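**Q** The structure is given below, and queries will be raised subsequently.
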Amino acid sequence: MTDTLRNFLLTLTPVLFVANLVQSFFYLPESSRRESGGHMSNSLYYALLFLFFGAMMFALLASSLPLMWVAIELTTLVSAPLITYHRSRESLEAMWKYLLICSIGIAFALFGTMLVLHAQSTGSVMWYKAGFAFVLAGYGTKMGLAPFHTWLPDAHSEAPAPVSALLSGALLNCSFFAIVRVREMMPFAATPFCDAAMLALGILSLAVGAVFMVRQTDYKRLLAYSSVEHMGLVIILFSLALSRSGTLVWYALALHIAAHSITKTLLFQTAGNLLLAFRTRAVSVVQGLGVSMKGHAALWLIGLVLICGMPPSLLFFSELCLVLVSPIWISATVLMLLFIVFAAMMKVGLSMTFGRPVSSFEPVPKRLLIIPGALLILLVVAGVFSVFAIVA
Amino acid sequence: MNILSIILAAVLSPFFIGVVNQTKAFFAGRKGPGFFRLYFTIGKLLRKSRMLPENSTWIFDIAQSASLASVAVAVIIFPWTGGGGVSSFVPVAFFFYLLAAGRFLTVLGALDAGNAFEGMGSSREVQFSAFAEIVVFIVLGFLVFLSADTSLSGVLSGIRVEDWKDNVIPLVLVFLAFVAVFLSENCRVPFDDPETHLELTMIHEAMLLDVGGPDLAFALYGAALKFELLAAFLVMMVMPCFGSGWVHAAALFAGVGLISVAVGVIESVMARMRFLKSPQSLMGAALIAALAVLVFICF
Amino acid sequence: MHTFSEIVLALFLIADLALAGASRLKSAIRFVALQGWIVGVLPIFLWDWQANGCPGIRIWGISLMNAVVKGVAMPLLLSYAVRKARTRREVEPIVSFQMSRFIVFLMAVGGFATGRLLHIHETIASEFAIPVSFTTMGTGLLLISARKKAITQVIGFLVLENGISLFGAGILLEYGIVVELGILLDVFALVFILGIAAFQINRTFSSTDTDRLNHLGDTHLMHPHHKHDHVHD
């Protein structure tokens, strides 16, 4: 299954990269025209973006665990400067937190990798378990799992839109894949521990995401916490896929990853456009999009609906699968938390779309809508198609 | 043979102070006062008449000589030739209590003179030695553990070549911790600076402000003996036992000479640390010694 | 050679205690450099000379690289960052130095107890390497969490990294030269970027205290003009 997942991610990551690269061409000139403060030189930005993409592909393709560690650490190194594209205090702070927290996490992942490699030579189950715990904590930090997620909302909200989208859509998947790689090496005796640990972290992430989304006043942070929530769902699905026979859950897992990545890219790009127009990330200021920016209103609202897993969304099927195959207490918890997420998302989405306009804004050019629009059409077509496929 | 070695130790001790000073002079590019300066100083002081402060009592009168006497007893019981004699049945703690008794008498004498400056010096001296004592007793605990013996010679000759193979980490840690004690107890840099006579920062010297003549000679000689004793203790902690005899004594004195040179080097390259940091460093040394015990117990 | 490796490890342990109590950035950097050197040369000391003869060019090369990068290049980089940032040269502790030392001591107790419980004798070159590496990792985390300055956190990260490398050396893990160089380069680049970031933080916030870095959070409501609080060069 690991190779299939690798091939799948190897297909998905370039798609996301190209989408965000093209969006960068549209977004950056517009952004530097409007921002008064300084920003990084564009050539450096594109160089780092390509390096970032390369590092992610390197992480997916790496042949051994230590080499994969090198690649994952490399993704941190090249993406950190991207966060400070706009040189503001906040972005500097976000970058510092990102670098430091992720590096400590990654250092633990290295330690865990060593333990696992050593366990392979001795065959000690305890070392395997300890190794996996450290790896899970380490790469889990990078993936944004709950107790270690603190860097994620800061970094994702401060980075320029295409970078946020890439961080959230592609990078988190790569870190997840790292966990998958290590999990694959666990001997049978260690698997119950590993799966239980992943399940616990997954549910915790879901809960933390849900709690912080309620009353969220910053729409980019809202999206960031949504990433935490979805990574929780991904890791729950993964631990279920391992313990259930059959390939259905594996398909659900892949579907979830792909749908989340594309929907999140679409949402972050739309959020970036809103930030350009309104120059703020406060939900209370960005109101009444339905009147003023109809295209963005549609993208934003439908995107939020899709990320919540409403039926035409592909996420609906994966979440349905999760609820169906898991034990009843997990299903109940997940459903309840998803409901909270849905409520929080809709509160923000509806008030931003249908509220009364409170602030003046500067309209953004239409070309900024091309990529998110295309992604939206892709998602909706795929969703409707799968509904028909399942019904038929 | 034992008596001869004790006499040798008593005679040599001012020489080692001279070695320290000559080393410092060498590093500073000076000619230096010569190796035997302390002998001349002591001789000069002994020829002077006694002067006692007006308001002092008999305590001041006997303080320096009693202090020297307790240190001298420590010299007599020390196993200079590697064992035998008194040292094989005297507990190792007694040795350190003798040194502590010497310090206690000096402090009493200083307080008796009623000089505020001396009072301050005494307070500092006692504070430092209180911290140093923690280290000393953790180190002693470790050595007793290692040698399974509590007598002075048993503890000191208990370290064999095999111990250096099996327990090298604890031995290194203990040695480094005891170096801190050695430097602090002898008022050397970086804990105290013997050069800073009559400055507010000094510790040991402040207690001797009212002492002169033969009493000062006793105090200086006592300090030299203490330096030699603790250095010899340090050497025997790391030196695997050669068995008894002249070879051992010769190696011991050579080791003390080496340590004197090392002290001179340290004093040439380091500055005295801030007053408040000295107790902290001693506590750090105590932690290092405790770590040694820990390592020893765990492995 | 075994005895040497253990003496070196004892020094490593003392460097941990010293780092916890170091009050000047300069001395802290010096102790990190000492640890870097030890991590570098340890594989040579741990090498079984009697059984395997002289170690090959690979071991020598990696040792040299490690020692040079961790013992020379990174400390130089850090001192450069300290000098450039014109920050105060003192480490500003949140937990006092005495307390930090004591915590490190307790970590050592924990490390040695764990090392004893693990029963790791047969496969491991030096049984002291594991407890010492645990202690060092703990020290690194302590320095990261209990010190204010950004640069001190970089130092703490390096200590953590040293602990992990020491663990790798202790269990004689060999990944092959590409990976070792990769790890080394990654860490070096990380320290480099962190150093630059610390410098920029100093310039932007006119302080390297990380307690100024509390702007972002969930309770904080953004105002429209806030975004434009840019760096004034």
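Residue numbers (our numbering), protein chains in the order written: chain A, 1311 to 1702; chain B, 2 to 300; chain C, 2 to 234.
Every residue, glycine too, gets a C-beta built ideally from N, C-alpha and C.
None of these values were measured; they are calculated from a predicted model.
1) So which residues of chain A does C:Ile-184 contact, with C-beta pairs closer than 9 Å?
2) Determine the chain C residues that contact A:Met-1424 at a beta-carbon separation under 8 Å, and present them in chain order.
3) In angstroms, rounded to a whole number, what distance separates the CA positions of A:Ala-1500 and A:Phe-1442?
4) In chain C, which residues lie with their C-beta within 8 Å of the C-beta of A:Met-1405?
5) Relative to the alpha-carbon of A:Ala-1608, which residue among A:Phe-1664, A:Phe-1627, A:Gly-1454 has its alpha-carbon at the smallest distance?
6) To the nearest angstrom, report how far apart C:Pro-225 and A:Pro-1463 are at their CA atoms.
7) Given a limit of 9 Å on CB to CB distance, which residues of the segment 72-88 of chain C reach chain B?
8) Run through chain C and tell me which residues come within less than 8 Å of A:Leu-1647, C-beta to C-beta.
9) Mapping DSSP to helix, strand and coil, what is A:Leu-1688?
10) 7 Å is my cut-off, CB to CB: does C:Ile-39 come that close to chain B?
11) Mind checking whether A:Val-1668 and A:Ala-1587 have CB atoms under 7 Å apart?
12) What runs of the alpha helix (DSSP H), each 4 residues or longer, lie entirely inside the segment 1338-1372 of chain A?
13) What residues in its chain sit with their C-beta under 7 Å from that of A:Val-1251, if we drop five residues either side in the sequence?
14) Can you tell me which residues form a DSSP beta bridge with A:Ala-1592?
15) Which residues in chain C sit within 7 Å of B:Gly-285, going by Cβ to Cβ distance?
16) Is it buried or exposed for A:Thr-1590, if we count other Cβ within 10 angstroms and need 16 for buried?
17) Just reading off the alpha helix (DSSP H) that A:Thr-1432 is part of, what are its end residues?
18) Return helix, strand or coil for B:Arg-38, following the three-state DSSP convention.
19) Between the segment 34-58 of chain C and chain A, which residues of the former have a C-beta closer than 8 Å to a C-beta of the latter?
20) For B:Leu-99 and chain C, any beta-carbon pair shorter than 7 Å?
21) Assuming A:Asn-1483 is part of the alpha helix (DSSP H), what are its boundary residues?
22) With distances taken between CB atoms, is the gap from A:Val-1473 to A:Leu-1392 smaller than 7 Å?
23) Just the Cα atoms here: how many angstroms apart are C:Gly-141 and C:Phe-32?
24) CB-CB under 7 Å to A:Val-1635, same chain, minus the five flanking residues each way: which ones, in chain order?
25) Identify the contact partners of A:Ile-1414 in chain D, using a Cβ-Cβ distance below 8 Å as the criterion.
26) By the criterion of Cβ-Cβ separation under 7 Å, what are the contact partners of C:Glu-7 in chain B?
27) Consider the Cβ of A:Phe-1318: report whether some Cβ of chain C lies at a distance smaller than 7 Å.
28) What number of angstroms, rounded off, separates the C-alpha of C:Ser-80 from the C-alpha of C:Ser-24?
29) Which residues bound the alpha helix (DSSP H) around B:Asp-62?
30) Using the Cβ count rule (16 or more neighbours within 10 Å means buried), how would you classify C:His-233?
31) My output table needs one value for A:Pro-1673: the three-state DSSP class, helix, strand or coil.
32) Using a beta-carbon distance cut-off of less than 9 Å, what residues from the segment 1455-1483 of chain A approach chain C?
33) Just to confirm my understanding: we take C:Glu-7, look at its own chain, exclude 5 residues before and 5 after, and list those with CB closer than 7 Å. What are they?
34) Kindly give me the distance between the Cβ atoms of A:Leu-1409 and C:Leu-195, rounded to whole angstroms, as I take these residues to be in contact under 8 Å.
35) Between which two residues does the alpha helix (DSSP H) containing B:Cys-299 stretch?
36) For B:Ser-124, which of helix, strand or coil comes out of DSSP?
**A** Quick answer:
1) Locating residue 184 of chain C in the third sequence gives position 183, where the first residue counts as 1. Simply Pro-1376, Trp-1379, Val-1380, Glu-1383, Leu-1420.
2) Translated into positions along the first sequence, residue 1424 of chain A becomes position 114. Result: Ile-165, Phe-168, Gly-169, Ile-172, Leu-174.
3) Here residue 1500 of chain A corresponds to residue number 190 of the first sequence, with the count starting at 1. Here residue 1442 of chain A corresponds to residue number 132 of the first sequence, with the count starting at 1. Looking at the two C-alpha atoms, the distance is approximately 9 Å.
4) The sequence position of residue 1405 of chain A within the first sequence is 95, counting from 1. Chain C residues near A:Met-1405: Ala-198.
5) Residue numbering aside, residue 1608 of chain A sits at position 298 when the first sequence is read from its first letter. Measuring from the Cα of A:Ala-1608, the nearest candidate turns out to be A:Phe-1664.
6) On the third sequence, position 224 is the one that residue 225 of chain C refers to. On the first sequence, position 153 is the one that residue 1463 of chain A refers to. Because C:Pro-225 sits at a pLDDT of 41, beneath the cut-off of 50, its placement in the model cannot be relied upon, and the following sentence gives the value as read from the coordinates. Roughly 19 Å between the two C-alpha positions.
7) none
8) By one-based count along the first sequence, residue 1647 of chain A stands at place 337. Result: empty, since nearest Cβ-Cβ is about 18 Å, beyond 8 Å.
9) Translated into positions along the first sequence, residue 1688 of chain A becomes position 378. Three-state DSSP puts A:Leu-1688 in a helix.
10) If you number the third sequence from 1, residue 39 of chain C lands on position 38. For C:Ile-39, the answer is no, since every Cβ of chain B falls outside 7 Å of its Cβ.
11) Within the first sequence, numbered from 1, the residue matching residue 1668 of chain A stands at position 358. Within the first sequence, numbered from 1, the residue matching residue 1587 of chain A stands at position 277. Contact: no.
12) 1352-1371
13) There is no way to answer for residue 1251 of chain A, as the model of chain A reaches only from 1311 to 1702.
14) Position 282 of the first sequence, counted from the start, is the residue given in the question as residue 1592 of chain A. Its beta-bridge partners are A:Asp-1528.
15) Locating residue 285 of chain B in the second sequence gives position 284, counting from the first residue. Within 7 Å Cβ-Cβ: Leu-18, Gly-22, Arg-102.
16) In the first sequence, residue 1590 of chain A corresponds to position 280, counting from 1. Label assigned to A:Thr-1590: buried.
17) By one-based count along the first sequence, residue 1432 of chain A stands at place 122. A:Thr-1432 -> alpha helix (DSSP H) spans 1399-1432.
18) In the second sequence, the residue the question calls residue 38 of chain B occupies position 37. Helix.
19) none
20) Position 98 of the second sequence, counting from 1, holds the residue named residue 99 of chain B. Chain C contact via Cβ: absent.
21) Start at 1 with the first residue of the first sequence, and residue 1483 of chain A comes out as number 173. Counting along the chain, the alpha helix (DSSP H) containing A:Asn-1483 begins and ends at 1482-1494.
22) Numbered from 1 along the first sequence, position 163 holds the residue referred to as residue 1473 of chain A. Numbered from 1 along the first sequence, position 82 holds the residue referred to as residue 1392 of chain A. Taking 7 Å as the Cβ cut-off, A:Val-1473 and A:Leu-1392 qualify as a contacting pair.
23) Numbered from 1 along the third sequence, position 140 holds the residue referred to as residue 141 of chain C. Numbered from 1 along the third sequence, position 31 holds the residue referred to as residue 32 of chain C. Approximately 12 Å between the Cα atoms of the pair.
24) If you number the first sequence from 1, residue 1635 of chain A lands on position 325. Excluding sequence neighbours, A:Val-1635 sits near Leu-1550, Arg-1554, Val-1559.
25) Protein chains in the displayed structure are A, B and C, and chain D is not among them.
26) Start at 1 with the first residue of the third sequence, and residue 7 of chain C comes out as number 6. Near C:Glu-7 (Cβ distances below 7 Å), the residues of chain B are Val-169, Ile-170.
27) Sequence index remark: in the first sequence, residue 1318 of chain A carries index 8 (1-based). No, A:Phe-1318 does not count as interfacial toward chain C.
28) For the purposes of this step, residue 80 of chain C is taken as residue 79 along the third sequence, with counting starting at 1. For the purposes of this step, residue 24 of chain C is taken as residue 23 along the third sequence, with counting starting at 1. Whole-angstrom Cα-Cα distance: 15 Å.
29) In the second sequence, the residue the question calls residue 62 of chain B occupies position 61. Here the alpha helix (DSSP H) through B:Asp-62 covers 59-78.
30) On the third sequence, position 232 is the one that residue 233 of chain C refers to. With a pLDDT of 37 at C:His-233, under the threshold of 50, the predicted position of this residue should be treated as unreliable, though the coordinate-derived value follows. Exposed.
31) Position 363 of the first sequence, counted from the start, is the residue given in the question as residue 1673 of chain A. Reduced to three states, the DSSP call for A:Pro-1673 is coil.
32) Pro-1463, Asp-1464, Ser-1467, Glu-1468
33) Residue 7 of chain C sits at position 6 when you count from the first residue of the third sequence. Same-chain partners within the cutoff: Ser-127, Phe-129.
34) As a position in the first sequence, residue 1409 of chain A is number 99, starting the count at 1. As a position in the third sequence, residue 195 of chain C is number 194, starting the count at 1. Right, their Cβ atoms sit about 6 Å apart.
35) One-based indexing of the second sequence puts residue 299 of chain B at position 298. Taken as a continuous stretch (DSSP letters only), the alpha helix (DSSP H) holding B:Cys-299 covers 278-299.
36) Stepping through the second sequence from its first residue, residue 124 of chain B is reached at position 123. In the structure shown, B:Ser-124 sits in a helix (DSSP, three-state: H, G or I).
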